[in-house]
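Enquirer: Note that the sequence shown covers residues 2 to 73 in the working numbering.
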Amino acid sequence: ENTERLQTYAQKLARLEKVSVISSKPLKSVSDVGEFCQTHANLENLDLSPLVARLKKQLEKLEKEKLKLNLH
């Protein structure tokens, strides 16, 4: 019961599509070790293109701000 509640909580909190209880760490994953459990995020099928696009946009904005500061 606690495992099921924890899965539901993690899924809602992190906006995850799927949460699974596993016995070993996936090869391509990042991990977090907490007091009561270990979590692993599988990176194998992760689409980073939205993140890269957002970071590029932020970089362009910061570069424009930097140019403004250098002109004054």
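Beta carbons are placed, not taken as given, at the ideal position from N, Cα and C, and that holds for glycine.
With DSSP as the reference, please indicate the residues paired to D33 in a beta bridge.
Expert: DSSP output for D33 lists T40 as bridge partner(s).
Enquirer: Where does V53 fall in DSSP's three states?
Expert: Looking at V53 - three-state DSSP - the assignment turns out to be helix.
Enquirer: May I have the straight-line CA-CA distance separating K26 from H41, to the nearest angstrom?
Expert: The alpha-carbon atoms of K26 and H41 are separated by roughly 7 Å.
Enquirer: Between R16 and E61, what straight-line distance do the alpha-carbon atoms span, to the nearest angstrom?
Expert: The straight-line gap from Cα to Cα measures roughly 28 Å.
Enquirer: Quick check on R16: does DSSP put it in helix, strand or coil?
Expert: Of the three classes helix, strand and coil, the one that applies to R16 here is coil, per DSSP.
Enquirer: Since V22 and A11 are thought to touch, with beta carbons under 8 Å apart, how far apart are those beta carbons, to the nearest angstrom?
Expert: V22 to A11, Cβ: 11 Å. No contact.
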